[in-house]
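2 protein chains.
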Amino acid sequence: MIKSAIAALFMLSATVSQAGGEFRHIVMFKFKDSATPAQVEAVEKAFGELPSKIDTITAYEWGRSESVEGKNDGFTHCFFVTFKDKAGLETYIPHPAHAAFKDIFIPILDKALVYDYTAKN
Amino acid sequence: MIKSAIAALFMLSATVSQAGGEFRHIVMFKFKDSATPAQVEAVEKAFGELPSKIDTITAYEWGRSESVEGKNDGFTHCFFVTFKDKAGLETYIPHPAHAAFKDIFIPILDKALVYDYTAKN
């Protein structure tokens, strides 16, 4: 039993470290020079609240740029949102919580880049 | 024993679905119009071989663009590379296997964007 439980743990660990067809939605933002730190923090906070409001989001993470090679084209923020499938994203885009979030970031946005893909190894 | 094993499985599952400070290295490519499908596939294959050649890579996935909103700025390929920490990326960049990989993609590259961040929720 202990051996099989340990084997199961390793199998799960191997499974989750592999890309399993999740649908990824990468969002990068560069804010206007006029954006205040408080406005930027409000966007970070509001994006982080979307996973609790839109149930097709299965995973969420983000991070400020820590560019090593300086090839980030001015983007300072990246949000990495996961859905089970493309339909999950298609539910998210017109969702009222997502629409309300736009009202927070659009006024201070300089530019955005969005890249969607199905994860594979 | 069975209950504790099941509990351990759920705990591991919860742990891995949370961002735990991994260092993410996002690479987006747009290839020249003159790039052939075979050349593009060679880049996809060669990037996928780097995790077996550079041991600071802890996870790897990629996907061709499936843009829903058309905001991908022409990028057709995204490679999502994970390191334990920033030092892992700093080992990767000058690694001979990475340098050799450059010889494969540089000749057909139109543009690239690279974004590095420490994952958090």
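Quick note, the sequences are listed as chains W and Y, same order. With our numbering, letter number 61 in the first sequence gets 1144, and the count goes up by one each step, no holes. With our numbering, letter number 14 in the second sequence gets 1097, and the count goes up by one each step, no holes. Don't be surprised by glycine CBs; every beta carbon is placed ideally from N, CA and C.
Given a threshold of 16 other Cβ atoms within 10 Å of its Cβ, counted over all protein chains shown, does residue i qualify as buried or as exposed?
i, result
"Y/F1093", "Interpretation of Y/F1093 is limited by its pLDDT of 47, a score under 50 that renders its predicted location unreliable; the figure taken from the coordinates is listed afterwards. Exposed is the call here."
"W/S1148", "buried"
"W/T1098", "The pLDDT assigned to W/T1098 is 34, lower than 50, so where the model puts this residue is not dependable; a value taken from the coordinates is nonetheless given after this. When all chains shown are included, W/T1098 counts as exposed."
"Y/S1096", "Legend: pLDDT at Y/S1096 = 41, less than 50; position of this residue unreliable, no value from coordinates given."
"Y/N1155", "buried"
"Y/T1165", "buried"
"Y/E1144", "buried"
"Y/G1153", "exposed"
"Y/D1199", "buried"
"Y/F1188", "buried"
"Y/G1104", "exposed"
"Y/I1176", "exposed"
"Y/G1036", "The structure shown has nothing for residue 1036 of chain Y, since chain Y only spans 1084 to 1204."
Sort out for me which residues DSSP pairs residue i with in a bridge.
i, result
"W/V1164", "W/H1108 and W/Y1143"
"Y/F1114", "Y/L1192"
What residues of chain Y sit near residue i, judged by a beta carbon separation below 7 Å?
i, result
"W/L1192", "None at all; the shortest Cβ gap to chain Y is about 12 Å."
"W/F1158", "Y1198"
For residue i, return the contacting residues in chain Y, with the cut-off set at a CB-CB distance below 8 Å.
i, result
"W/V1126", "Within chain Y, no residue comes near W/V1126; the closest Cβ sits about 15 Å away, beyond 8 Å."
Show which residues of chain W have a CB atom less than 9 Å away from the CB atom of residue i.
i, result
"Y/A1183", "None at all; the shortest Cβ gap to chain W is about 18 Å."
"Y/A1195", "K1154"
"Y/V1151", "H1108, K1169, L1172, E1173, I1176, V1197 and D1199"
For a contact defined as C-beta to C-beta under 8 Å, what are the partners of residue i on chain W?
i, result
"Y/S1135", "Going along chain W, no residue has its Cβ under 8 Å from Y/S1135, so there is no contact; the nearest lies around 11 Å."
Just the chain W side, please: which residues come within less than 7 Å of residue i by C-beta, in chain order?
i, result
"Y/A1202", "E1144 and G1146"
Could you work out which residues of chain Y lie near residue i, taking near to mean beta carbons separated by less than 9 Å?
i, result
"W/A1102", "A1142, Y1143, E1144, W1145, G1146 and F1163"
Shorter than 8 Å from the beta carbon of residue i to some beta carbon of chain B?
i, result
"Y/G1103", "Structure shown: chain B not included; protein chains present are W and Y."
Item to check | Sequence ranges, alpha helix (DSSP H) only - wholly within the stretch 1171–1202 of chain Y, length at least 4 | outcome: Those alpha helix (DSSP H) runs which fall completely within the stretch 1171–1202 of chain Y and span 4+ residues are 1179–1188.
Checklist entry - Can you find at least 3 beta carbon pairs, one from the stretch 1176–1190 of chain Y and one from the stretch 1129–1138 of chain Y, that sit closer than 8 Å? => result Yes, since at least three Cβ pairs between the stretch 1176–1190 of chain Y and the stretch 1129–1138 of chain Y fall closer than 8 Å, the two stretches touch.
Next on the checklist: Three Cβ pairs or more, each shorter than 8 Å: is that satisfied between the stretch 1101–1118 of chain Y and the stretch 1125–1134 of chain W?
Outcome noted: By the Cβ rule, the stretch 1101–1118 of chain Y does not count as touching the stretch 1125–1134 of chain W, because fewer than three pairs are nearer than 8 Å.
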